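*Asks:* Its first residue numbered 1, the sequence shown is counted upward by one per residue in full-length UniProt numbering. Attaching a single structure in structure tokens format; questions to follow.
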Amino acid sequence: MDTKRVAVITGSASGIGKSTALKFAAEGDRVVVADFNEQAGQAVVDQIKANGGEAICVKTDVSKYEDVEALVDQAVKTYGRIDVMFNNAGIGRLTPVLDQKLEDYHAVINVNQHGVAHGIIAAGKKMREMGIHGVIINTASVFGFLASPGTFAYHASKGAVIMMTKSAALELSPHGIRVVAVAPGAVDTPIIQGYKDQGLVDAMKSKVMGNKLTMPEQIADTVYLLSTPNASAINGSVVMADEGYAS
Ligand code: NAI
1 MDTKRVAVIT
11 GSASGIGKST
21 ALKFAAEGDR
31 VVVADFNEQA
41 GQAVVDQIKA
51 NGGEAICVKT
61 DVSKYEDVEA
71 LVDQAVKTYG
81 RIDVMFNNAG
91 IGRLTPVLDQ
101 KLEDYHAVIN
111 VNQHGVAHGI
121 IAAGKKMREM
131 GIHGVIINTA
141 SVFGFLASPG
151 TFAYHASKGA
161 VIMMTKSAAL
171 ELSPHGIRVV
181 AVAPGAVDTP
191 IIQGYKDQGL
201 VDAMKSKVMG
211 NKLTMPEQIA
221 DTVYLLSTPN
231 ASAINGSVVM
241 ADEGYAS
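This is how it looks when you write it as structure tokens:
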């Protein structure tokens, strides 16, 4: 019998999502790379295939429910099932609250919060319909717990991810579906490379044990662990993968 799992990973053209796609594929899972950036997403698929793995790319804007529903449908159409949904796509747009353009505020909420909600609903419905005891993993952040200046919309979105994780876990556990979140601290990816001019990266590094950035592969290892039966007791939880990020 074919026992390969199918993992759908949003925001997997870059950073944490890309490292997680490579990790799942290396462990033998079939991967659906979902990203706004189709060209970079296809490059991840090519890399997985070159390493002997299986993957497809589906261009997806997670802020649109119909895109996410079509993504889940495509995963099932191609590979017959969906075992893991990693709702990871996110954007920064860090600005002080009174200088925040409303369109940026809405963009952050639409991607980071609504994008995760869309993934929980679309994947949860499909897993329930197919009787699959799957796992939904959401990317939160230390910024879902800790306030720092200039991060208003991002804080709002990541706080929402934490409570959506707990709420969905309660309702989906009777169907054998776990819902968990991972909360990274300061990870060396393009999202924060864009902050270098603002001195924010140095400030974030100084809060991490060892004054360093976490590597995206470390978050991928955590996400993979959360997806396995070894994490069966972890449900509705936010797992800090932040190397001791201090307030
Ligand atoms: P990244 O910028 O390297 O990757 C984000 C990916 O999401 C990109 O490939 C981008 O094209 C995609 N994306 C953006 N909007 C999208 C949309 N509407 N639909 C589909 N895809 C979209 O950033 P990184 O660091 O890998 O971020 C991944 C997640 O980790 C985000 O949710 C972020 O908030 C979170 N995070 C990152 C931390 C860090 O220090 N890098 C710390 C804590 C959380």
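Positions of the beta carbon are idealized from the N, C-alpha and C atoms, including for glycine. Only a predicted model underlies this, so the values are computations on that prediction, with no experimental measurement involved.
Gln-39: buried (16+ other C-beta within 10 angstroms of its C-beta) or exposed?
*Replies:* Per the 10 Å Cβ criterion, exposed.
*Asks:* Quick one: does the C-beta of Phe-24 sit closer than 8 Å to a heavy atom of ligand 1?
*Replies:* The answer is no for Phe-24.
*Asks:* Residue ranges of each beta strand (DSSP E) run of no fewer than 3 residues wholly in the segment 31-71, ordered along the chain?
*Replies:* Whole beta strand (DSSP E) segments, 3+ residues: 54-59.
*Asks:* Is it right to say Gly-52 is buried, meaning 16 or more other beta carbons lie within 10 angstroms of its own, or is it exposed?
*Replies:* By the neighbour-count rule (16 or more Cβ atoms within 10 Å), Gly-52 is not buried but exposed.
*Asks:* Roughly how many whole angstroms lie between the Cα atoms of Val-62 and Asp-99?
*Replies:* Rounded to the nearest angstrom, the two C-alpha atoms are 26 Å apart.
*Asks:* Measuring straight from C-alpha to C-alpha, what distance separates Arg-178 and Gly-131?
*Replies:* For Arg-178 and Gly-131, the distance between alpha carbons rounds to 13 Å.
*Asks:* Can you grab the Cα-Cα spacing for the pair Asn-230 / Ser-247, in whole Å?
*Replies:* Rounded to the nearest angstrom, the two C-alpha atoms are 30 Å apart.
*Asks:* When you compare only the Cα positions, how much space is there between Val-208 and Asp-202?
*Replies:* For Val-208 and Asp-202, the distance between alpha carbons rounds to 10 Å.
*Asks:* Beta-carbon within less than 8 Å of Ile-234's beta-carbon, same chain only, minus the 5 sequence neighbours each way: which residues are those?
*Replies:* Closer than 8 Å at the Cβ level, and outside the excluded window around Ile-234, lie Arg-178, Val-180, Leu-226.
*Asks:* Suppose only complete runs of 3+ residues qualify. What are the beta strand (DSSP E) ranges in the segment 114-191, listed by chain order?
*Replies:* As far as the segment 114-191 is concerned, its whole beta strand (DSSP E) runs of at least 3 residues are 135-139, 178-184.
*Asks:* So what does DSSP say about Ala-25, is it helix, strand or coil?
*Replies:* Helix.
*Asks:* What I want to know is whether the C-beta of Ile-16 ends up closer than 8 Å to one or more non-hydrogen atoms of ligand 3.
*Replies:* By its list of ligands, the structure shown excludes ligand 3, since it contains just ligand 1.
*Asks:* Can you find a heavy atom of ligand 1 that lies under 8 Å from the Cβ of Gly-131?
*Replies:* Because no heavy atom of ligand 1 lies under 8 Å away, the Cβ of Gly-131 does not count as near it: no.
*Asks:* Do you know how far the Cα of Ile-219 is from the Cα of residue 258?
*Replies:* Since the first residue of the chain shown is 1 and the last is 247, residue 258 is not available in this structure.
*Asks:* With DSSP as the reference, please indicate the residues paired to Thr-10 in a beta bridge.
*Replies:* DSSP, once it has assigned bridges, lists Ala-34 as partnering Thr-10.
*Asks:* To the nearest whole angstrom, what separates the beta carbons of residue 264 and Thr-60, a pair I think is in contact under 8 Å?
*Replies:* A question about residue 264 goes unanswered here, because the residues of the chain that appear run from 1 up to 247.
*Asks:* Just checking my contact of Lys-158 with Asn-112 at CB under 8 Å: how many whole Å lie between their CB atoms?
*Replies:* Sure, about 7 Å apart at Cβ, within 8 Å.
*Asks:* Label His-106 either buried or exposed according to how many other C-beta atoms from any shown protein chain fall within 10 Å of its C-beta, with 16 as the threshold for buried.
*Replies:* Looking at its Cβ environment, which holds fewer than 16 other Cβ atoms inside 10 Å, His-106 is exposed.
*Asks:* Hey, could you find the ends of the alpha helix (DSSP H) Val-108 is sitting in?
*Replies:* Taken as a continuous stretch (DSSP letters only), the alpha helix (DSSP H) holding Val-108 covers 102-108.
*Asks:* Taking the straight line between their C-alpha atoms, what separation do you get for Val-223 and Glu-217?
*Replies:* Looking at the two C-alpha atoms, the distance is approximately 10 Å.
*Asks:* Using CA coordinates, which residue listed in Thr-3, Asp-2, Ala-7 is at the minimum distance from Ile-136?
*Replies:* Here the closest residue by C-alpha is Ala-7.
*Asks:* On the CB-based measure, 16 or more other CB atoms within 10 Å of its CB, does Pro-184 come out buried or exposed?
*Replies:* Per the 10 Å Cβ criterion, buried.
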